[in-house]
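Asks: Below you'll find the structure I mean.
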């Protein structure tokens, strides 16, 4: 995982063999396992990735003002999309 790290461990679940109070010196047996984990963000990598996200250049040789109307619509849509991604 590029921007996250998994911290995990496996913990044994121990129980005594018989019900009631265990005898002195009795050792519990392992009857199962519990998997514990967490997902941690790698802040340095996330900050670096955000510096380089979503850049585009829209260039044209079109000089007709009516034809540029469609291009302006595209720019508005792109700006709206990228403002939501920030």
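Numbering (the UniProt record's numbering), first residue to last: 1 to 86. Positions of the beta carbon are idealized from the N, C-alpha and C atoms, including for glycine. These figures come from a predicted structure and were not determined experimentally.
1) Out of 46, 62, 72 and 37, which one is the CA nearest neighbour of residue 6?
2) Compare the Cα-Cα distances from residue 18 to each of 8, 9 and 31 and report the closest residue.
3) DSSP puts residue 12 in a beta bridge; with which residues?
4) Is the CB-CB distance between residue 2 and residue 45 below 8 Å?
5) Spatial neighbours of residue 86 within its chain, please: C-beta separation below 6 Å, excluding the five flanking residues on both sides.
Replies: Working from what's here:
1) 37
2) 31
3) 33
4) yes
5) Note on residue 86: pLDDT 48, under 50, position unreliable in the model; the coordinate value appears next. Contacts found: none.
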